[in-house]
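K.L.:
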Amino acid sequence: MRTLSKEELKELYDKDFPLWVEINLQLLKEKAYDLVDWENLLEEIEDMGRSDLKACISYLAVILEHLYKWDNFKNLAGGEDVGSTWIKSIRNARKEILKVFDMYPSLRSKLPLELTTAWKHARRELEYWLEDNDYDPEKFNIPEKCPYTYEEAMSRDLKKELKGSS
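Take my numbering: the last position of the sequence shown gets the number 272, and nothing is skipped along the way.
#1: Which residues in the same chain have their Cβ closer than 7 Å to the Cβ of Tyr-165, if we skip the five residues on either side of it in sequence?
#2: Do Lys-112 and Leu-141 have their beta-carbon atoms positioned less than 8 Å apart in this structure?
#3: If you follow the alpha helix (DSSP H) that Cys-162 is part of, which residue opens it and which one closes it?
#4: Check whether the region 234 to 242 touches the region 262 to 272, counting contact only when three or more Cβ pairs, one atom from each stretch, lie closer than 8 Å.
#5: So Leu-173 and Ala-224 are in contact, right, with Cβ under 8 Å, and what is the actual spacing, rounded?
#6: Can you list, in chain order, the residues of its chain with a C-beta nearer than 7 Å to that of Thr-222? Leave out the 5 residues immediately preceding and following it.
#7: Report the option in Trp-176, Lys-205, Asn-181, Leu-182 whose CA atom is closest to the CA atom of Thr-191.
#8: Less than 8 Å separating the beta-carbons of Asp-120 and Asn-130?
#9: Measure the alpha-carbon distance for Ile-193 versus Glu-128 and round it to whole angstroms.
#10: Do Ala-228 and Ala-138 have their CB atoms nearer than 8 Å?
#11: Can you tell me the Cα-Cα spacing of Leu-264 and Met-154, whole angstroms?
#12: Just tell me which of Ile-248, Tyr-256, Gly-189 has its CA closest to the CA of Arg-214.
#13: Can you list, in chain order, the residues of its chain whose CB lies under 6 Å from that of Leu-115, leaving out five sequence neighbours each side?
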């Protein structure tokens, strides 16, 4: 493999990412640190650290969205039957979060700090859902601030509530 200049290596980052990875890995193994594309490599490492947290935020957003639908929109969506799909969705999202926590325990303390971000995503999905069902989201006054605590999002038992209401 011919040696690339630093500029060529930086260009490769956008043109052929797998090759960029291969070359930088080889440079690191050879301890040719002065040739490594440090700027992009550090960015990639930072992104790797964030990707699992982003996934957890997405799962938390699903939980918040479906909790809010359960509490506020069962009548719009067809009653209790549709609620059972929300329950399954919440359970699945919680399971996925716990799988990530098993692999990366440090995220357990970081995710609660992202409740506001997750709610922002959930709120947007709620608005889309209302629009898709021919309702004006403005008429429903979905709160700006998350109406749930992290603990409630992760532990509220809707199955129990469903059984209690029958």
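Even for Gly, the Cβ is constructed at its ideal location relative to N, Cα and C.
Everything numeric in this text was worked out from a predicted model, so none of it was measured.
P.N.:
So, from the listed chains and residues:
#1: To locate residue 165, count along the sequence shown from 1; it is residue 59. Cβ within range, chain order: Ala-199, Glu-202, Ile-203.
#2: As a position in the sequence shown, residue 141 is number 35, starting the count at 1. As a position in the sequence shown, residue 112 is number 6, starting the count at 1. Cβ distance < 8 Å, so Leu-141 and Lys-112 count as in contact.
#3: Counting from one through the sequence shown, the residue named residue 162 turns up at place 56. Element bounds for Cys-162: 144 to 178.
#4: Touching, no.
#5: Here residue 173 refers to the residue found at position 67 of the sequence shown. Here residue 224 refers to the residue found at position 118 of the sequence shown. So it is not a contact: roughly 11 Å between Cβ atoms.
#6: Within the sequence shown, numbered from 1, the residue matching residue 222 stands at position 116. Within the same chain, Cys-252 come within 7 Å of Thr-222 by CB-CB distance, once the 5 residues on both sides are set aside.
#7: Here residue 191 refers to the residue found at position 85 of the sequence shown. The candidate whose alpha carbon is nearest that of Thr-191 is Trp-176.
#8: Translated into the one-based positions of the sequence shown, residue 120 becomes position 14. Translated into the one-based positions of the sequence shown, residue 130 becomes position 24. With respect to Asn-130, Asp-120 sits apart: the two C-beta atoms are not nearer than 8 Å.
#9: Counted from its first residue, the sequence shown places residue 193 at position 87. Counted from its first residue, the sequence shown places residue 128 at position 22. If I take the Cα positions, the gap works out to 44 Å.
#10: If you number the sequence shown from 1, residue 228 lands on position 122. If you number the sequence shown from 1, residue 138 lands on position 32. The beta carbons of Ala-228 and Ala-138 sit no closer together than 8 Å.
#11: What you label residue 264 is simply residue 158 of the sequence shown in a count that begins at 1. What you label residue 154 is simply residue 48 of the sequence shown in a count that begins at 1. In a straight line, the C-alpha of Leu-264 is about 34 Å away from that of Met-154.
#12: Here residue 214 corresponds to residue number 108 of the sequence shown, with the count starting at 1. Ranking the options by Cα distance to Arg-214, first place goes to Tyr-256.
#13: Position 9 of the sequence shown holds residue 115. Correct list, in chain order: Asp-143.
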